[in-house]
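Right, one structure below, let's go through it.
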Amino acid sequence: MNYRLLGLLLLLPLLSCAQDLKQDTVALSADSIRMSSGKVVSIETYARRFNPRRALLYSAILPGMGQVYNKKYWKVPLVYGGLVGLILVVDFYNQKGNQFRNDLFDLLNSPNGTILSPNGFTEAQLRNGIEITRRQRDYFMIFTGFMYLLQLIDAHVDAHLKEFDLNPKLKVSIVPMMDNNYYTGTNTGVTIKLRF
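Here my numbering is used: position 192 in the sequence shown is 192, and no number is missing along the way.
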């Protein structure tokens with residue numbers, strides 16, 4: 001009995017004529033939205049203008065050029081400031097190490113067998129100074145290489161993310177906040193507002 005009732009309930013919608021489609025008699029009018037004669041650029045074509053490989057190549061040839069290609073001009077002083085600063089530190093430690101080395105050679109080649117160098121250092125202090133300045137110089141050379149790689153990666157990733165800058169509805173803002181609460185008193189802080 002239950003199977004017959006279930007079968008009848010399943011066949012009933014198939015037998016109804018409510019599913020018949022009739023010809024639509026509503027007249028369609030012309031569209032009221034008109035395009036201006038300006039050039040329309042889709043997001044995909046705009047994003048393709050910024051080739052990540054080209055940005056990487058430009059940054060590899062001349063540091064900061066990938067940032068200029070991506071039109072992030074404010075990053076160029078950061079790139080050059082970081083690289084020049086690190087190169088100056090490498091040069092400082094190199095000169096200091098050469099000074100210690102020259103003082104050590106002068107101390108070892110002195111004919112009268114003095115214990116102190118002209119600058120007042122002993123042989124052990126000069127050897128220690130040479131090792132410390134060599135190690136610091138090498139560390140900062142590695143940091144300079146990392147800075148160079150960082151600007152390469154920044155240019156490449158920024159070119160990849162160029163299409164995400166196109167939606168004007170997306171907005172992240174950081175706003176200072178002050179809340180007066182009876183129990184906790186005045187609270188200050190920073191709120192992050194996301195708008196979609």
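Each residue gets a CB set at the ideal place from its N, CA and C atoms; glycine is no exception.
In DSSP terms, what residue i is bridged to
| i | result |
| --- | --- |
| residue 189 | 177 |
As assigned by DSSP and simplified to three states, the class of residue i
| i | result |
| --- | --- |
| residue 152 | helix |
| residue 171 | strand |
| residue 194 | strand |
| residue 54 | helix |
| residue 162 | helix |
| residue 110 | coil |
| residue 2 | helix |
| residue 116 | coil |
Outcome for residue i when other beta-carbon atoms lying within 10 angstroms are tallied against a minimum of 16
| i | result |
| --- | --- |
| residue 147 | buried |
| residue 140 | buried |
| residue 110 | exposed |
| residue 93 | buried |
Sub-9 angstroms separation of residue i and residue j beta-carbons
| i | j | result |
| --- | --- | --- |
| residue 66 | residue 57 | yes |
| residue 186 | residue 178 | yes |
| residue 137 | residue 90 | yes |
| residue 156 | residue 63 | no |
| residue 81 | residue 130 | no |
### Message
Would the region 150-162 count as touching the region 118-137 if we require 3 or more Cβ pairs under 8 angstroms?
### Response
Contact between the region 150-162 and the region 118-137 is absent, because fewer than three Cβ pairs lie under 8 angstroms.
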